[in-house]
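A short write-up of the structure that comes next.
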Amino acid sequence: MPVLTPARRLARRLLKGLVRFLVFCFTRTEVSGLENFPKKGPALVVMNHLGDADALIMLAFLPIFPEALAKIELYNFPVLGALMHAYGVIWVHRGQPDRRAIRAALEGLRAGKFVGVAPEGRESLSGGLEEGTEGAAFLAIKAGVPLVPVTITGTQNARLYGNMKRLRRTPVTLRVGKAFILPGQANRQGALREATRLIMEVLARQLPPEYRGVYSYVDGSLRLPRGER
243 MPVLTPARRL ARRLLKGLVR FLVFCFTRTE VSGLENFPKK GPALVVMNHL GDADALIMLA
303 FLPIFPEALA KIELYNFPVL GALMHAYGVI WVHRGQPDRR AIRAALEGLR AGKFVGVAPE
363 GRESLSGGLE EGTEGAAFLA IKAGVPLVPV TITGTQNARL YGNMKRLRRT PVTLRVGKAF
423 ILPGQANRQG ALREATRLIM EVLARQLPPE YRGVYSYVDG SLRLPRGER
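Residues 243 to 471, numbered by the numbering used here, are exactly what the sequence shown covers, in order.
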């Protein structure tokens with residue numbers, strides 16, 4: 243887990259201010275459900291992943307500085323990589339079990355922090371939800387923490403960047419759902435697969451039908467144990 247030094251605390255506050263300004267300039271973001279966000283951690287913040295701006299939207303409007311997991315490929319991006327390093331993200335090597343990143347995320351949760359993760363593991367190629375990976379379920383069950391579902395619409399790269407070129411602000415929505423807890427144990431056979439399905443179905447229920455992707459079968463309400471915060 244990146245050490246939260248005074249310099250890093252300052253960097254996070256400055257970055258949040260910059261991000262809020264940029265988000266205001268380039269989007270018209272409608273936010274709902276902030277009253278559902280827990281007043282204190284630990285909690286795992288799970289979100290769908292449509293485009294490059296998702297994490298920025300979340301940082302701009304959520305009342306926290308989440309510990310975030312990010313793909314290591316972004317480290318070498320000019321400016322962006324340096325800013326993410328200054329913020330103190332947890333770098334993840336995708337396509338392989340990254341035990342270092344898992345340990346860092348668990349360390350953060352056990353220290354009472356909010357950790358943000360996209361269960362799909364990458365930006366959606368279809369514009370809708372893709373199959374969830376088991377990392378988020380493993381972290382939540384292993385650390386015994388509630389999950390906070392956050393969904394975003396309107397941030398697809400082609401749409402957002404196209405509007406930026408035309409000097410148009412892109413309509414975006416950010417919705418925070420009620421925290422919930424997962425049943426099961428991380429080492430029980432089939433538990434992670436079932437828990438991952440539940441996480442993705444919760445996200446699907448917060449999204450309009452056209453954003454539900456491979457979880458388009460989801461409809462109605464889903465009863466899960468609620469997280470107490």
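Idealized CB from N, CA, C, for every residue including glycine.
Assigned secondary structure, residue i (DSSP; H/G/I helix, E/B strand, else coil)
i: R471; result: Low confidence applies to R471: its pLDDT is 46, below 50, so where it sits in the model is not reliable enough to give any reading.
i: V418; result: strand
i: E372; result: coil
i: E349; result: helix
i: G455; result: helix
i: R396; result: Here residue 396 turns out to be Gly, not Arg, going by the sequence shown. Correct three-state label for G396: coil.
i: L389; result: strand
i: E436; result: helix
i: E443; result: helix
i: E365; result: coil
i: G473; result: No answer is possible for residue 473: the residues shown for the chain start at 243 and end at 471.
For residue i, the first and last residue of its enclosing alpha helix (DSSP H)
i: R262; result: P248 to F268
i: I423; result: First-last for I423: undefined, no H or E at that position.
Proximity winner among the options, relative to residue i (alpha-carbon distances)
i: Q398; options: R251, R255, T269 and R254; result: T269
i: E372; options: V287, A360, D294 and I383; result: A360
i: P391; options: Y403, G377, R439 and R417; result: R417
i: L257; options: L316, V321 and E272; result: V321
i: D294; options: Y403, P248 and G455; result: Y403
i: R345; options: K384, R454 and L316; result: K384
i: E376; options: V460, E443, E436 and L298; result: E436
i: R454; options: R401, S368 and N405; result: S368
i: P248; options: E349, G396, P339 and A328; result: A328
i: G457; options: G370, P413, R430 and P425; result: According to the sequence provided, residue 457 is Tyr. The question's Gly does not apply to it. Answer by Cα proximity: G370.
i: L389; options: A400, E443, D296 and G259; result: E443
i: L276; options: G259, R255 and L304; result: L304
i: C267; options: M406, E349 and R341; result: M406
i: D296; options: E365, P339 and L246; result: E365
Pair within 8 Å by beta-carbon distance, residue i and residue j
i: L292; j: I441; result: no
i: G354; j: P450; result: no
i: F356; j: I306; result: yes
i: L445; j: V288; result: yes
i: R251; j: A302; result: no
i: V387; j: L351; result: yes
i: I332; j: E362; result: no
i: A343; j: V334; result: yes
i: A347; j: L311; result: yes
i: G419; j: N278; result: yes
i: T415; j: A379; result: no
i: P280; j: A382; result: no
i: V519; j: I314; result: In the structure as shown, the chain begins at 243 and stops at 471. Residue 519 is therefore absent and cannot be evaluated.
i: P244; j: G374; result: no
i: R401; j: T412; result: yes
Extent of the continuous beta strand (DSSP E) to which residue i belongs
i: V334; result: I332 to V334
What are the complete beta strand (DSSP E) segments, minimum 3 residues, inside the region 279 to 328?
285 to 289 and 309 to 313
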